[in-house]
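Engineer:
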Amino acid sequence: MASAFFFDAEPVCEVSSLLLPALDACALCAKPLGRDDDIFMYRGDTPFCSEECRDEQMQLDAIRARQAARSAAGRRQQQQQQQYSSRTESRHQESRKVSVAT
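Numbering of the sequence shown is given in numbering that gives the first Met the number 0, commencing with residue 0 and proceeding in unit increments.
1) Rounded to whole angstroms, what is the Cα-Cα separation between E29 and Y83?
2) Hey, quick one: how far does the beta strand (DSSP E) through P46 stretch, first residue to last?
3) Determine the contact status of L27 and E55, defining contact as a CB-CB distance below 8 Å.
4) Taking the straight line between their C-alpha atoms, what separation do you get for P46 and C25?
5) Can you name the residues that DSSP bridges to A71?
Structural data, given as structure tokens:
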């Protein structure tokens, strides 16, 4: 016989609360989000109170992405210059070692 209280039981662990961030406040300005408020989502699970907050976060993310790309390109260029200068230096040292027969 099935229990009438099956659906009244408390869950042992709320899985959804462990996997997803809470939708109780804007991710940018921390304004509380009410149950009946519109929620503007970004990147699937990040809540915002308005289109303006969401757009601002999108702009911040774009700036960070450009800065990361520039710094990565700068690191690659610096590594290439170091490799070139070390190869040039080793060639220069080899040319000094060559003795001239008399």
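For each residue, glycine too, the CB sits at the ideal point set by N, CA and C.
Structural biologist: Considering the structure as presented:
1) Counting from 1 along the sequence shown, the entry for residue 29 is found at position 30. Counting from 1 along the sequence shown, the entry for residue 83 is found at position 84. Note that residue 29 is Ala in the sequence shown here, rather than Glu. Between A29 and Y83, the C-alpha separation is close to 50 Å.
2) One-based indexing of the sequence shown puts residue 46 at position 47. Element bounds for P46: 45-47.
3) Residue 27 sits at position 28 when you count from the first residue of the sequence shown. Residue 55 sits at position 56 when you count from the first residue of the sequence shown. Cβ distance < 8 Å, so L27 and E55 count as in contact.
4) For this step, residue 46 is matched to residue 47 along the sequence shown. For this step, residue 25 is matched to residue 26 along the sequence shown. Spanning the two alpha carbons is a distance of roughly 6 Å.
5) On the sequence shown, position 72 is the one that residue 71 refers to. DSSP lists no partner for A71.
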